[in-house]
Every structure is written in structure tokens, then in C-alpha cells.
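Residue numbers (this note's numbering): -16 to 136.
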């Protein structure tokens, strides 16, 4: 391999890694961050995810990684489990966020529904009928059905 080929490969990898936001445990939901990491790695042909994770961790998230033993640092599933354990929303907090979640001004209904599904998954899931009820209940009154109307799925 020519030196310039190697340099181009390193530059390409650095660009690929910048597609993955840094994770500190506070700004992003850990599950969403892990999904993005896995997606970028899959799309870029990176198979050893355990080598990528520490490069994108900062602050408390990096501290969690540093506390892992050497064997666990070489096992993506162990790294993932440690990050989820440290930063995933508590199921009671997730439920509270779920029942109070409303469609925000300017938010698409697709994003709203995806967030309801994410929150429901964090507290153990909910049947589709329950999700439909939560979705409708969180719509602004200008588009929500009247209380006396019946909503059928």
C-alpha cells in the first residue's frame, strides 16, 4: 500500500467517525446514540465496534468505559451493556415522560410517534391500542377528536 493510500484511508475513517456524535451521557439518549453508532459502522464497513466507541465518548460516558476491565473493553456487547446500565432512563422516569408527552409546536407527527414508541420500550412496551390512545391524547386540541367521539384503530 502506498503511503498516500494509507493517509487517505485514515482521513476517510476520521470523517466517518465524525458522523457519530460524541456521547457524554447527558445530551443524547444512550439507545439512540448506540443505534447511530451501529448504523454508521455498518454503512462504513466497520466491524470492530469496540475500537470506535471509546473515540466518541467524553465526560461521564468515558469514565464508565474506563472502569471496564480489558476483556470487556474488547467486547462491544459488554461496552453497550455498561453504557445502557449507566445512562438509560429509569423505567419509572420513562413512563412519566410517556404519559406527559405531547406533540410540540413544529414537531412532525412521525418524530412524535417515534419518541412515544422509544419511551414505551424503555418501560417495557405497550400494546398498539395504548400507543394510539397516548398519541391522540398528546395532540393539540385543535386536531384532537372531541371527547364524545369514538376513536377506533
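Yeah, the Cβ is synthetic: ideal placement off N, Cα and C, and Gly gets one too.
Since the model is a prediction, treat every value here as computed from it, not as a measurement.
Answer with buried or exposed for residue 70, where buried requires no fewer than 16 other C-beta atoms within 10 angstroms of its C-beta. Counted from its first residue, the chain shown places residue 70 at position 87. With 16 or more Cβ atoms within 10 Å of its Cβ, residue 70 is classed as buried.
Roughly how many whole angstroms lie between the Cα atoms of residue 106 and residue 76? As a position in the chain shown, residue 106 is number 123, starting the count at 1. As a position in the chain shown, residue 76 is number 93, starting the count at 1. So the alpha carbons of these two residues sit roughly 8 Å apart.
Just how far apart, CA to CA, sit residue 63 and residue 125? Here residue 63 is taken as the residue at index 80 of the chain shown, counted from 1. Here residue 125 is taken as the residue at index 142 of the chain shown, counted from 1. One C-alpha to the other measures close to 42 Å.
Just the Cα atoms here: how many angstroms apart are residue 36 and residue 96? Position 53 of the chain shown, counted from the first residue, corresponds to residue 36. Position 113 of the chain shown, counted from the first residue, corresponds to residue 96. So the alpha carbons of these two residues sit roughly 29 Å apart.
What's the call for residue 3, buried or exposed, on a 16-neighbour Cβ count within 10 Å? Translated into the one-based positions of the chain shown, residue 3 becomes position 20. Buried: at least 16 other Cβ atoms inside 10 Å.
Within 8 Å, do at least three Cβ pairs link the stretch 4 to 12 to the stretch 37 to 49? yes
If you draw a straight line from the C-alpha of residue 104 to the C-alpha of residue 50, how long is it? By one-based count along the chain shown, residue 104 stands at place 121. By one-based count along the chain shown, residue 50 stands at place 67. Roughly 28 Å between the two C-alpha positions.
Considering just the uninterrupted stretch of the alpha helix (DSSP H) at residue 101, what are its terminal residues? Along the chain shown, one-based indexing puts residue 101 at 118. It spans 92 to 105 - the alpha helix (DSSP H) in which residue 101 sits, taken as one unbroken run.
Which partner residues of residue 32 appear in the DSSP bridge assignment? Position 49 of the chain shown, counted from the start, is the residue given in the question as residue 32. Paired residues: none, contrary to the question.
Residue 98, buried or exposed, once every other Cβ within 10 Å from all chains shown has been counted against 16: As a working note, residue 98 is residue 115 in the chain shown. Residue 98 is buried by the Cβ-count criterion.
Classify residue 73 as buried or exposed, calling it buried when 16 or more other Cβ atoms lie within 10 Å of its own Cβ. The count along the chain shown starts at 1 and reaches residue 73 at position 90. Classification for residue 73: exposed.
Run the CB neighbour count on residue 26, radius 10 Å, all protein chains shown included, and call it buried at 16 or more, exposed below. Position 43 of the chain shown, counted from the first residue, corresponds to residue 26. Residue 26 should be labelled exposed.
Which residue comes first and which comes last in the alpha helix (DSSP H) that contains residue 50? In the chain shown, residue 50 corresponds to position 67, counting from 1. Taken as a continuous stretch (DSSP letters only), residue 50 belongs to no alpha helix (DSSP H), as it is neither H nor E.
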